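S.K.:
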């Protein structure tokens with residue numbers, strides 16, 4: 001299992017469009033991908049669960065990847081979150 005914290009800088013947070021792009025990218029990996037905000041973890045491959053998390057600008061989230069391709073997934077998902085500037 002690998003983890004890294006990210007602070008959301010996108011003005012609109014992880015709303016529908018970037019959330020959908022996040023899920024599409026996450027589904028390319030076989031490992032489990034989880035986003036944790038305020039101690040509540042959600043499946044990073046579920047747009048509905050991400051939307052229910054209400055991840056907004058300034059939130060710090062913990063990205064966790066656990067499985068065979070966890071390192072590659074953390075790099076890709078981390079790059080996605082770091083470049084989120086809509």
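Numbering (UniProt numbering), first residue to last: 1 to 86. Every residue gets a Cβ at the ideal spot worked out from N, C-alpha and C, and that includes glycine. From a predicted model like this one, the values you see are computed outputs, not experimental measurements.
Ordered along the chain, which non-local residues of its own chain (more than five positions away) have a Cβ less than 8 Å from that of residue 52?
M.R.: Correct list, in chain order: 42.
S.K.: Whole angstroms is fine: what's the gap from residue 23's alpha carbon to residue 45's?
M.R.: Going by the C-alpha atoms only, they are around 5 Å apart.
S.K.: DSSP beta-bridge partners for residue 4?
M.R.: DSSP, once it has assigned bridges, lists 63 as partnering residue 4.
S.K.: Report the CB separation of residue 6 from residue 67 in whole angstroms; it is logged as a contact under 8 Å.
M.R.: So it is not a contact: roughly 19 Å between Cβ atoms.
S.K.: From 58, 85, 74, 57, pick the residue whose C-alpha is nearest to that of residue 27; which is it?
M.R.: The residue with the shortest Cα to Cα distance from residue 27 is 74.
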